[in-house]
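Enquirer:
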Amino acid sequence: MKTIAIANQKGGVGKTTTSVNLSACLAEAGKKVLVIDSDPQGNTTSGLGIDKNSVENSVYDVLINGKKFTDVIVKTSWKNLDLCPSNIDLSGAEVELVDKDKREYILKEAIKELGEIYDFIIIDCPPSLTLLTVNAFTAANTVLIPIQCEYYALEGLAELTKTIKSVRMGLNPDLDIEGALLTMFDIRTNLSVDVVEQVKLVMPKKVFKTVIPRNVRLSEAPSFGVPVIYHDSSSTGAKCYRELAKEIIKNNKKRR
Numbered sequence: 022m023k024t025i026a027i028a029n030q031k032g033g034v035g036k037t038t039t040s041v042n043l044s045a046c047l048a049e050a051g052k053k054v055l056v057i058d059s060d061p062q063g064n065t066t067s068g069l070g071i072d073k074n075s076v077e078n079s080v081y082d083v084l085i086n087g088k089k090f091t092d093v094i095v096k097t098s099w100k101n102l103d104l105c106p107s108n109i110d111l112s113g114a115e116v117e118l119v120d121k122d123k124r125e126y127i128l129k130e131a132i133k134e135l136g137e138i139y140d141f142i143i144i145d146c147p148p149s150l151t152l153l154t155v156n157a158f159t160a161a162n163t164v165l166i167p168i169q170c171e172y173y174a175l176e177g178l179a180e181l182t183k184t185i186k187s188v189r190m191g192l193n194p195d196l197d198i199e200g201a202l203l204t205m206f207d208i209r210t211n212l213s214v215d216v217v218e219q220v221k222l223v224m225p226k227k228v229f230k231t232v233i234p235r236n237v238r239l240s241e242a243p244s245f246g247v248p249v250i251y252h253d254s255s256s257t258g259a260k261c262y263r264e265l266a267k268e269i270i271k272n273n274k275k276r277r
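Numbering (our numbering), first residue to last: 22 to 277.
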């Protein structure tokens with residue numbers, strides 16, 4: 022089982038888009054996938070067709086009320102793809118976690134109870150470096166970092182990598198970077214090409230070959246509550262996320 026946290030404290034970089042669509046493509050490829058929505062906004066929950074306001078239990082109940090994942094996980098409409106939903110309740114978890122014993126390990130311990138049910142667990146982190154993110158990093162094997170192809174792309178990346186190093190030193194010595202994923206790429210602009218080169222310089226050997234372009238179908242899919250492969254299977258966005266899933270599956274075979 023591989024647990025990947027998808028994180029970037031900068032908002033609007035394609036973090037939730039990647040959580041939804043990578044998970045769906047891994048499931049389509051025959052992998053059993055659990056998505057943990059650890060963002061109080063609950064956009065990954067909505068993006069997978071689940072009404073975040075009507076779920077009986079959420080990741081909040083796992084972190085704060087001691088519920089097991091098996092009591093919280095809901096099936097999505099697609100084969101091999103399960104979800105631990107989130108909603109606004111999670112916004113209070115940050116304060117409530119402070120007084121918890123071994124507060125950084127709660128998510129990790131809860132995931133352990135799942136055994137080897139899943140091939141991949143994808144955690145969508147909030148766009149901030151909080152206790153929710155630290156819990157995700159402590160539970161994860163690797164961190165996937167979406168980076169938008171725009172002027173301030175590298176802003177905050179140093180802080181994020183510093184946090185990853187801190188977690189590695191104190192909480193999770195095996196934590197690694199899965200890779201940087203360039204998103205919202207626009208081939209028509211020199212800026213997008215420049216950003217790709219900058220990120221490759223900063224993170225050599227840790228940048229995915231797959232680059233996610235700006236794509237209308239990719240932007241539309243969340244409003245229908247479906248991953249892009251079920252909105253328009255032949256769209257560029259769908260093809261690129263399928264390629265990313267293949268790349269991750271291949272890379273993880275090599276690392277075994």
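Positions of the beta carbon are idealized from the N, C-alpha and C atoms, including for glycine. Nothing here was measured: the structure is a model prediction, and the numbers come from that model.
1. Less than 7 Å between the beta carbons of Leu212 and Leu43, yes or no?
2. Indicate whether Thr278 and Asp58 have their beta-carbon atoms separated by less than 7 Å.
3. Taking only three categories from DSSP, how would you classify Val220?
4. Give me the Cβ distance between Lys52 and Asp140, rounded to the nearest whole Å; I'm assuming they're in contact under 8 Å.
5. To the nearest whole angstrom, what separates the beta carbons of Val232 and Phe206, a pair I think is in contact under 8 Å?
6. Based on Cα-Cα distance, which residue from Asn236, Val76, Ala201 lies nearest to Gln219?
7. Where Val188 and Leu150 are concerned, what is the direct C-alpha to C-alpha distance, given to the nearest angstrom?
8. Check the DSSP bridge columns for Asp103 and list the partner residues they point to.
9. Could you compute how far the alpha carbon of Gly136 sits from the alpha carbon of Lys89?
10. Taking Gly177 and Gln30 to be in contact with their CB atoms under 8 Å, please state how far apart those CB atoms are, rounded to whole angstroms.
11. On the premise that Cys105 lies in contact with Ala26, defined as a C-beta separation below 8 Å, what is that separation, rounded to the nearest angstrom?
12. In chain order, which beta strand (DSSP E) runs of at least 3 residues are fully inside the segment 158-222?
13. Please identify the residue among Thr154, Tyr172, Tyr81 whose C-alpha is closest to the C-alpha of Thr182.
14. Which of the three DSSP states, helix, strand or coil, is assigned to Val228?
Expert: Straight from the coordinates:
1. no
2. Residue 278 is absent from the model: the chain starts at 22 and stops at 277.
3. helix
4. 4 Å
5. 5 Å
6. Ala201
7. 12 Å
8. Leu55, Lys96
9. 12 Å
10. 6 Å
11. With 8 Å as the limit, Ala26 and Cys105 do not qualify as a contact, their Cβ atoms being about 14 Å apart.
12. 163-169, 197-204
13. Thr154
14. strand
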